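First residue of the sequence shown? That's 4 in this note's numbering, and the numbers climb one at a time after it. Note that CB positions come from ideal geometry on N, CA and C, so glycine has one too. Given the structure is predicted, the values throughout are model-derived calculations rather than measurements. Here is the structure we will look at, set down as structure tokens.
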Amino acid sequence: MPELLRRRDLDFMLYEVLDLEGVCTRPLYADHSREDFDTILDAATELAERAFAPHAHALDETEPVWDGERVHILPEVAIACRAYGEGGFIAGVFPPEVGGLGLPYTLAMTWVGIFAVANLPSVSYVLLTMAAANLIDAYGDEAQKERWLPEMLAGTTFGTMALSEPHAGSSLADIRTTAVPADDGSYRIVGNKMWITGGDHDLSENIVHLVLAKLPDAPAGTRGISLFLVPKLLDDGSRNDVRLAGLNHKMGYKGSVNTALNLGEEGGAIGWLVGEPNQGMRAMFHMMNEARTAVGLEAAALGCAGFLHSLEYAPQRPQGRPIHNNDPTAPQVNIIEHADVRRMLLAQKAYAEGGLLLALYCARLVDDVRSLEDGSEAQLLLDLLTPICKAWPSEYGPKANDLAIQVLGGAGYTRDYPVERFYRDNRLNPIHEGTNGIQALDLLGRKVPKNQGRALQLLMAQISATIAQAKSHEQLVDDATTLEKTLGIVVQTTMSLGAVAMANDVERYLANASVYLEMTGHLVIGWLWLKQAVVAQSAVNHGVSHQDQAFYTGKLMACHFFAKWELPKCRGWAKLLDPVEDTPLRMQSEWF
Numbered sequence: 004m005p006e007l008l009r010r011r012d013l014d015f016m017l018y019e020v021l022d023l024e025g026v027c028t029r030p031l032y033a034d035h036s037r038e039d040f041d042t043i044l045d046a047a048t049e050l051a052e053r054a055f056a057p058h059a060h061a062l063d064e065t066e067p068v069w070d071g072e073r074v075h076i077l078p079e080v081a082i083a084c085r086a087y088g089e090g091g092f093i094a095g096v097f098p099p100e101v102g103g104l105g106l107p108y109t110l111a112m113t114w115v116g117i118f119a120v121a122n123l124p125s126v127s128y129v130l131l132t133m134a135a136a137n138l139i140d141a142y143g144d145e146a147q148k149e150r151w152l153p154e155m156l157a158g159t160t161f162g163t164m165a166l167s168e169p170h171a172g173s174s175l176a177d178i179r180t181t182a183v184p185a186d187d188g189s190y191r192i193v194g195n196k197m198w199i200t201g202g203d204h205d206l207s208e209n210i211v212h213l214v215l216a217k218l219p220d221a222p223a224g225t226r227g228i229s230l231f232l233v234p235k236l237l238d239d240g241s242r243n244d245v246r247l248a249g250l251n252h253k254m255g256y257k258g259s260v261n262t263a264l265n266l267g268e269e270g271g272a273i274g275w276l277v278g279e280p281n282q283g284m285r286a287m288f289h290m291m292n293e294a295r296t297a298v299g300l301e302a303a304a305l306g307c308a309g310f311l312h313s314l315e316y317a318p319q320r321p322q323g324r325p326i327h328n329n330d331p332t333a334p335q336v337n338i339i340e341h342a343d344v345r346r347m348l349l350a351q352k353a354y355a356e357g358g359l360l361l362a363l364y365c366a367r368l369v370d371d372v373r374s375l376e377d378g379s380e381a382q383l384l385l386d387l388l389t390p391i392c393k394a395w396p397s398e399y400g401p402k403a404n405d406l407a408i409q410v411l412g413g414a415g416y417t418r419d420y421p422v423e424r425f426y427r428d429n430r431l432n433p434i435h436e437g438t439n440g441i442q443a444l445d446l447l448g449r450k451v452p453k454n455q456g457r458a459l460q461l462l463m464a465q466i467s468a469t470i471a472q473a474k475s476h477e478q479l480v481d482d483a484t485t486l487e488k489t490l491g492i493v494v495q496t497t498m499s500l501g502a503v504a505m506a507n508d509v510e511r512y513l514a515n516a517s518v519y520l521e522m523t524g525h526l527v528i529g530w531l532w533l534k535q536a537v538v539a540q541s542a543v544n545h546g547v548s549h550q551d552q553a554f555y556t557g558k559l560m561a562c563h564f565f566a567k568w569e570l571p572k573c574r575g576w577a578k579l580l581d582p583v584e585d586t587p588l589r590m591q592s593e594w595f
């Protein structure tokens, strides 16, 4: 079996490209070192291999069952999640003053990738708990922090995010759940929630639901949404008025409990306001943006996993003969000798490792925001890249998994190999935490024009700096020039779209937002590949071992592949945006 994620690749991204060790010079992380980080990743890998990976296949084939009283889940899930909490992986990034270890977020996202590959449905419970605890730490009052954070960081209480409703889905402005104040300062919550991962189970002693609801006479739309903390069990041990209405059965992610919840069937679930009234979306987006980065990370990690399995298979599977050899009695060659198989492996490597670095780069920006004296520029870049980080890997991670299945051929389509499970699990990620279409609207409708385009200008400056570095290496001039031309295409297209927006034709401006996200995402991934190539070429120029020579050359070839095969697609996407190709906009529903 291959590694969950290749450690050599993680070390390259963390230390050679992102300089994670450099954060240890800052006061916030001064108590840590690379040795600490390596020890933690070793422990994460050992736990993932021992407690999570062994039951991944069984969990996929043994979905949770609700008998009308309780949800039954494979027992190994509780054991694994308990070990995750006891190992300090929930508490890891939280500050010591609330019981955390004060570790960099980049490191946490790295171990999340390792656990996600091992068993994404099982680890989803504790990942949601990390995000929910982070929200409470950021927006909860002192009493809420004191009551809930110790249990959540220890893993004895899990957390959920309860946003969607059966009739509304992602349209949170249309939620109907209500919250009426009670005399004791609490609220009575009544409504229905749908697609709630971890909504009911016995994996933990309690569950904290973070619920979006509307107060009486609240303003219409998202401006009238508040956030409430609603526990499954109250402090006296009695069951709160939150009832499981049913389980959702999915194509992938089958081992995680996904629920429909009814709140207030017996008068109202008891909850407490988190943050200010009517400011629930601001607080919830604190959790959602963290989750969106994690979704991109998980999608890329699953793409990497499929790549590693197909890379292990291809050199061992004999089939066919070289094109120049027509002798049917000649020995077959392993499929990795065929150019088309190498193309599929290269595409997987380019998509998956590029997406993984994007997610880790965004995590590194989180660390910059937290640890720099002035992290404002890092925050602008993070805000701009978050929708790309969620959407691009969750679009191209499944494409990588699809190619992994193709490399394995008929074997890839069977459950004897995990690549089909990786694909099914990964297919949820373009929908998770706001569909990719919503991310596109966020990118083009909000993030690009924000602050007169300041964040986009910062990103363009970063890309231009990498292009200049690459041009100092003769071997990288062609790839750098291709990226430079792509940058010009994206800048020109953005300006042309801006003119459409200035003309108040908002519908046309946003009609092809998904195309804009894909184009900009390709630009960003092309930049990150060139960034890796600069590091790799510098290492090769200084002389490396034979093993490292192969590793760095692989990085250089993947960068070259992305520049030659993927970046040219941006020109075609630009033609759909400048001017806006409006066939979907003009199409009428009755014409279908």
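Go to I492, then tell me how far its alpha helix (DSSP H) extends in each direction, as first and last residue. On the sequence shown, residue 492 is found 489 positions in, with the first residue counted as 1. Annotation: the continuous alpha helix (DSSP H) that includes I492 extends over V480 to M505.
In this structure, how does DSSP classify H75 when only helix, strand and coil are distinguished? Here residue 75 corresponds to residue number 72 of the sequence shown, with the count starting at 1. Reduced to three states, the DSSP call for H75 is strand.
Return the Cβ separation of P401 and Q442 in integer angstroms, given the expectation that the two are a contact with Cβ distance under 8 Å. Working through the sequence shown from its first residue, we reach residue 401 at position 398. Working through the sequence shown from its first residue, we reach residue 442 at position 439. About 15 Å separates the two Cβ atoms, so there is no contact after all.
Going by beta-carbon coordinates alone, are A56 and N137 separated by less than 8 Å? What you label residue 56 is simply residue 53 of the sequence shown in a count that begins at 1. What you label residue 137 is simply residue 134 of the sequence shown in a count that begins at 1. Their beta carbons are not under 8 Å apart, which means A56 does not touch N137 by this criterion.
Limits of the unbroken alpha helix (DSSP H) element including Y190: For the purposes of this step, residue 190 is identified with residue 187 of the sequence shown, where counting begins at 1. No alpha helix (DSSP H) contains Y190, which is instead part of the beta strand (DSSP E) from Y190 to T200.
By Cβ distance below 6 Å, which residues in the same chain neighbour A302 in space, the five residues on each side in sequence not counted? As a position in the sequence shown, residue 302 is number 299, starting the count at 1. Excluding residues within five positions, the ones whose Cβ falls inside 6 Å are P396, S397, G400, N429 and N432.
Between the region 94-110 and the region 441-460, do at least 3 Cβ pairs fall closer than 8 Å? Cβ pair count under 8 Å is below three, so no.
Give the DSSP bridge partners of F161, in chain order. For the purposes of this step, residue 161 is taken as residue 158 along the sequence shown, with counting starting at 1. Under the DSSP definition of a beta bridge, F161 partners with I210.
Have a look at the DSSP bridge pairing and note the partners of W656. No statement about residue 656 is possible, as the shown extent of the chain runs from 4 to 595 and does not include it.
Specify, as a first and last residue, the run of the beta strand (DSSP E) that V527 falls within. Here residue 527 refers to the residue found at position 524 of the sequence shown. Per DSSP, V527 belongs to no beta strand (DSSP E); it is in the alpha helix (DSSP H), A516 to N544.
Determine whether the beta carbon atoms of M164 and L213 lie at a separation below 8 Å. Counted from its first residue, the sequence shown places residue 164 at position 161. Counted from its first residue, the sequence shown places residue 213 at position 210. Taking the C-beta atoms as reference points, L213 is found nearer than 8 Å to M164.
Quickly, what does DSSP pair G249 with across the bridge? List them, please. Reading the sequence shown from its first residue, position 246 is the one you call residue 249. Assignment of beta-bridge partners to G249 by DSSP yields A263.
Taking three-plus beta-carbon pairs below 8 Å as touching, is the region 15-24 in contact with the region 351-371? Counting C-beta pairs with one atom in each stretch, the region 15-24 and the region 351-371 have three or more that are closer than 8 Å, which means they touch.
In terms of residue numbering, what span does the alpha helix (DSSP H) encompassing T586 cover? Taking the first residue of the sequence shown as 1, we reach residue 586 at position 583. Membership of T586 in the alpha helix (DSSP H) is indicated by the continuous run T586 to R589.
Skipping 5 residues on each side, what residues in its chain have a beta carbon closer than 6 Å to that of L360? Within the sequence shown, the letter at position 357 stands for residue 360. In the same chain as L360, and ignoring 5 residues on each side of it, the C-beta atoms closer than 6 Å to its own belong to M16 and L531, in chain order.
W568 burial status per 10 Å Cβ neighbour count (16 or more: buried): For this step, residue 568 is matched to residue 565 along the sequence shown. Under this definition W568 is an exposed residue.
Does DSSP put L215 in a helix, in a strand, or in coil? Your numbering for residue 215 matches position 212 in the sequence shown. If DSSP states are grouped into helix, strand and coil, L215 belongs with the strands.
Spatial distance of Y420 from N337 (CA atoms): Counted from its first residue, the sequence shown places residue 420 at position 417. Counted from its first residue, the sequence shown places residue 337 at position 334. Going by the C-alpha atoms only, they are around 18 Å apart.
Assigned secondary structure, T42 (DSSP; H/G/I helix, E/B strand, else coil): Within the sequence shown, residue 42 is the residue found at index 39, counting from 1. Note: T42 maps to helix in three-state DSSP.
Entirely within the region 418-484 and at least 4 residues each: give me those alpha helix (DSSP H) ranges in chain order. Listed in chain order, they are 422-429, 439-445 and 457-474.
contact_flag[the region 177-190, the region 138-151] where n(CB pairs < 8 Å) is 3 or more: Contact between the region 177-190 and the region 138-151 is absent, because fewer than three Cβ pairs lie under 8 Å.
If Q540 sits next to Q465, beta carbons under 8 Å apart, how far is it from one beta carbon to the other, in whole angstroms? Position 537 of the sequence shown, counted from the first residue, corresponds to residue 540. Position 462 of the sequence shown, counted from the first residue, corresponds to residue 465. Their Cβ separation, rounded to whole angstroms, is 19 Å, which puts Q540 and Q465 out of contact at 8 Å.
Contacting residues, own chain, Cβ-Cβ under 7 Å from E269 (five flanking each side not counted): Start at 1 with the first residue of the sequence shown, and residue 269 comes out as number 266. If the five residues before and after E269 are omitted, its C-beta is found closer than 7 Å to the C-beta atoms of D244, all from its own chain and listed in chain order.
So the alpha helix (DSSP H) A51 belongs to, where does it begin and stop? Working through the sequence shown from its first residue, we reach residue 51 at position 48. Following the DSSP letters along the chain, one finds A51 in no alpha helix (DSSP H), marked with neither H nor E.
Please classify E337: does DSSP put it in a helix, a strand, or coil? As a working mapping, residue 337 is identified with position 334 in the sequence shown. Before going further, note that residue 337 is Asn rather than Glu in the sequence given. Judged by DSSP in its simplified three-state form, N337 adopts strand.
Apart from the five residues on each side of it in sequence, which residues of its chain come closer than 8 Å, Cβ to Cβ, to M254? Position 251 of the sequence shown, counted from the first residue, corresponds to residue 254. Answer for M254: R427, R430 and L431, listed in chain order.
Given 8 Å as the limit, is there contact between the region 344-358 and the region 370-379, that is, 3 or more CB pairs closer than that? Taking 8 Å as the limit for Cβ pairs, the verdict is that the region 370-379 does not touch the region 344-358.
Cβ shell of A171 (< 7 Å), same chain only, five flanking positions each side left out: The residue labelled residue 171 in the question sits at position 168 within the sequence shown. For A171, where only same-chain residues beyond five positions count, the Cβ hits under 7 Å are D177 and I178.
Roughly how many angstroms lie between the CA atoms of T159 and A81, to the nearest whole one? One-based indexing of the sequence shown puts residue 159 at position 156. One-based indexing of the sequence shown puts residue 81 at position 78. One C-alpha to the other measures close to 11 Å.
Integer-rounded CB distance, given that A263 should sit under 8 Å from N251: On the sequence shown, residue 251 is found 248 positions in, with the first residue counted as 1. On the sequence shown, residue 263 is found 260 positions in, with the first residue counted as 1. Confirmed, Cβ separation roughly 7 Å.
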